[in-house]
C-alpha cells in the first residue's frame, strides 16, 4: 500500500491527502511536465464574437468555419495542389515593408477617393467575383451586393457561378454598382445570350476570367478527410479528374486526364470583345506579356490574380507578379489586384506596388458567412478604415500618395 | 485513423497478456490498416502516409522523406488564352516514344514493400504506359518482370559490380531497351555509397559500353564535366542524380544541377533526372531546365506498398495528369515548347507568419 492510499484510509482529511498527492505529482518529473499542461487554459477560451466585437477580418474566419458545413468551408478555404501558391499569396505581403511617414497625417485628412473606368470610388476597394454565396449565408449574392452598396458604395463583381442570377441581384439594390464576371463559353451563341442578359439588367461592364484553365478542386471533390463528397466513383467529376478514368480512344490533352477550359484563345477573347459594348476587363493575368496582349486585344482593364491560390499551384503569388505587370502596362489601362488581402496594410502594399484598386474575395466571404449582409458590410468597412489608418501613418493624404516611395519590396 | 490502428495493436497486446491456462487464449487480430481509397488521394505525397500505415515505422523508413527545399523556391509561369487541347507529352527517348517523360526509376529489393515486388511495379507502371528501370538488386527474376511489362523496360547495374556480365546477358534476353549504369553509389544497394566528390571509375563504364549493344545511360551525374566525360566514353544519356537523397550526403537537390549538365552535353544527349520528384510541377520544372525525362523512386514505392500495382499506376498517372495540367496552364502544348522561361528560381525565404 502506498503512502497516498494509506493517507486516504488513515487520515480523515481529504484536503491533506490531496496535498500529499500534489506533492507526489510535483516530485515526479514526468508528472510535473504533465501538470504544466492545463487542459483548458484560460488563454484558449473562446466564445463566438458578436458583430459589434469583431475587430479584424481574421475574427470572421472562425465564425465562418462554424457557420457552414465542412464541404462548403473546404470549397472556400482551399487551393490548388499542395496549396503552396495559396500560402505564398499571404507570405508575399511580409516581403513588403511600409515606410512610416514623417510626419504622419491625421486620419481626417485622408481622402482616398478616385475614379477608375468611370467608376467613382470612395475607397480603392471592390468586391471580387466569388461563387456560391448562398451556401455561405441565406443572404447570398443579394446580401453581398447590399453590403457593398451600404459600405460607401463599393462596386461588386457578381460571379457567373452564382446562386442568385444577375437578373435578381442587379435590381435588388438601388444605387449600387454591379459588374458581371463571366467564364467564357466555347459556344459563341451562348456567350451572346450571357452578354444580352448582362446588358438587360444594366451590367455593362464585364469581367472575363481566363485563368484556372485546367484546374479543378480535387481536394474538395475527392478527399473525404476534407469533407469532399461530390462526384466520387465511376463517371463522377472526381473520377474524371484522374487519368485512370480516361477511356481508351481519347486524343490530345484528354489522353492524360487533362480537361477544362484549355480551349481558351485570344481569338475567342476578340469575339467576346466585339459582343461586349461596355467595358471588358480580363481577370487572371499573371505575366507581363499576357498583360500587354490583353491591351492589344482591347481589354479596358486587367485583374492581376492567381484566383486566390485556386488556379495554379507553384505559380507566383499575385503580389510578386504585380510590379512587373504594372511596369509593362505603364498606366495604359487600370490594374485591379486580388489574392490574399486581409488587412488595410495589405491593400496599401498592393496599391503602392501600382494597383488602382484591390478586390476582396475570401475577406468579404468570411464576413457574409459569419453575419450575413451585415457581416460583409462590416468586413468592407474594417478594411476601408484600416487602409485609411495605414495611409495616415505613412503620411498619405490622397490615393496618388500611395506609391513605390512609401514601401520597400523584396521579391527576389 | 492512426489511432484506430494503434488501438488495435494495444488490444492485441492485452489479448496476449490475458492468456491463462484455464481459459482459451483470447485472440484479437489486428484490424487491417484503414487505407484511404486510392482514388481519393489528391496529390502524390499523400501516398506516403498510406505506405506508412501498411508497412509500419521500421519497414517504411527506407522510403520516407523528400527534399523539397529547391523545388519550393521555383515558380512556374502561368500563361493565358493559349489553346492546349492538343497537348502532347510524347517523349522520344532511347528509340522509343514514351507516353510521357515520367518513368519509374530503379529501386532495390521491392519485396520489402509488397509481396509481388518488382512484378507489381512493372504491371502498375505499364498500366500507366510508363517505362521502368529494374534494379540489379531486384527481388524478382528479370524474366518475370519483363513478362509483366508492356512499356519500355530498362535495366540498371552498378559500375564495377560483379553482376555486370550477368545482367547484360539477361538484358538482351528480356529485350530491355537500355542499360543504366549507376556511378558514385558503390557496387550494390547494400554497399556503402562512394563518398561525394570521389572520381568516377570510367573504366567500369567503358566495360559496360563494350559489353552490350544496348544504349548505356550513366546515372549519378552531378557535375557537367562528368557528364561530358560520360558521353565521351560512349554514354547515350545521363541521369542527374545524387543517390539516396541529397540531404543525407549534404548535397543540394538535383533540380538546379540539370541546366549545367544539359549545357555540357548538348541537345543531342538526353539528360534525365531523379531525386525528390513528388508533384507534376516538379517534373515540369526539370523539363524547363532542359531535362528530357524524370525518374521517380519513392513515390512509386509508396503506391506499391499501399495499393500494389494499382498504387504504382495511381502515382504515375497522377504525375502524368498534373504535368499535363500545369503545362496547359503555362500554355505549353508539347515538350519541345517547354523552355527555361517557364521556371523561375526565387530567393530562399523563411515564412515569417501565416
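Residue numbers (the working numbering), protein chains in the order written: chain A, 1 to 412; chain B, 413 to 766. For every residue, glycine included, the Cβ atom is placed at its ideal position computed from N, Cα and C.
- Taking a beta-carbon distance threshold of 9 Å, residue 322/A does not count as an interface residue toward chain B.
- The contact set of residue 759/B on chain A, defined by CB atoms closer than 7 Å, consists of 412 in chain order.
- Closest in C-alpha terms to residue 669/B, from the list 463/B, 682/B, 652/B, 616/B, comes 652/B.
- Separation of the CB atoms of residue 379/A and residue 367/A is rounded to 3 Å, and the pair is thereby assigned contact status at 8 Å.
- The CB of residue 493/B comes closer than 7 Å to the CB of 210, 264, 265, 266, 269 in chain A, given here in chain order.
- Spatial neighbours of residue 587/B in its own chain (CB-CB distance under 8 Å, excluding positions within 5 residues in sequence) are listed in chain order as 558, 565.
- At a C-beta separation below 7 Å, residue 258/A has these neighbours in chain B: 499, 733, 736, 737, 740.
- Residue 359/A is bridged by DSSP to 126/A.
- Per the coordinates, the alpha-carbon of residue 346/A lies some 6 Å from the alpha-carbon of residue 93/A.
- In the structure shown, the three-state DSSP call for residue 368/A is helix.
- Interface criterion not met: the Cβ of residue 708/B is under 9 Å from no Cβ in chain A.
- Against chain A, the beta carbon of residue 464/B has no neighbour under 8 Å; the closest one sits roughly 15 Å away.
- Going by DSSP, residue 114/A is part of the beta strand (DSSP E) stretching over 114 to 116.
- Following the DSSP letters along the chain, one finds residue 63/A in no beta strand (DSSP E) but inside the alpha helix (DSSP H) bounded by residues 60 to 67.
- Scanning chain B for C-beta atoms nearer than 8 Å to the C-beta of residue 82/A yields 455, 457, 691, reported in chain order.
- Short of 7 Å from the beta carbon of residue 530/B, and not among the five residues preceding or following it, lie these beta carbons of its own chain, in chain order: 522, 546, 550, 551, 552, 557.
- Close CB contacts of residue 504/B within its chain, under the 8 Å cut and outside five residues either way in sequence, are with 510 (chain order).
- Interface criterion not met: the Cβ of residue 275/A is under 9 Å from no Cβ in chain B.
- Beta-bridge annotation (DSSP): residue 181/A is paired with 207/A.
- Residue 383/A and residue 354/A do not touch by the CB rule: their CB atoms are close to 19 Å apart, not below 8 Å.
- Taking one beta carbon from each stretch, the segment 484 to 498 of chain B and the segment 677 to 690 of chain B have fewer than 3 pairs nearer than 8 Å; the two do not touch.
- In the three-state reduction of the DSSP assignment, residue 158/A falls in the strand class, which pools E and B.
- If you check each beta-carbon in the segment 506 to 519 of chain B against every beta-carbon of chain A, the ones closer than 9 Å belong to 511, 512.
- Within chain B, the C-beta atoms nearer than 7 Å to that of residue 313/A come from 693, in chain order.
- For residue 557/B, no beta strand (DSSP E) encloses it; the enclosing alpha helix (DSSP H) starts and ends at 554 to 559.
- Looking at the DSSP output, residue 566/B sits in a beta bridge with 545/B, 590/B.
- Rounded to whole angstroms, the separation of the alpha carbons of residue 337/A and residue 322/A is 8 Å.
- Bounds of any alpha helix (DSSP H) do not take in residue 649/B; it lies within the beta strand (DSSP E) bounded by 649 to 652.
- Excluding residues up to 5 positions away in sequence, 133, 137, 368, 372, 373, 376 lie with their Cβ nearer than 8 Å to the Cβ of residue 143/A in the same chain.
- Assignment of residue 487/B by DSSP, reduced to helix, strand and coil, places it in the strand class.
- Assignment of residue 510/B by DSSP, reduced to helix, strand and coil, places it in the strand class.
- Within 10 angstroms of the beta-carbon of residue 306/A lie 16 or more other beta-carbons, which makes it buried.
- Sequence-distant partners of residue 200/A (beyond 5 residues in either direction) whose C-beta falls short of 8 Å from its own C-beta, in its chain, are 167.
- The C-alpha of residue 582/B lies about 12 Å from the C-alpha of residue 626/B.
- Around the beta carbon of residue 331/A, fewer than 16 other beta carbons sit within 10 angstroms, so the residue counts as exposed.
- Taking 9 Å as the cut-off between beta carbons, the residues of the segment 295 to 312 of chain A near chain B are 297, 306, 311, 312, in sequence order.
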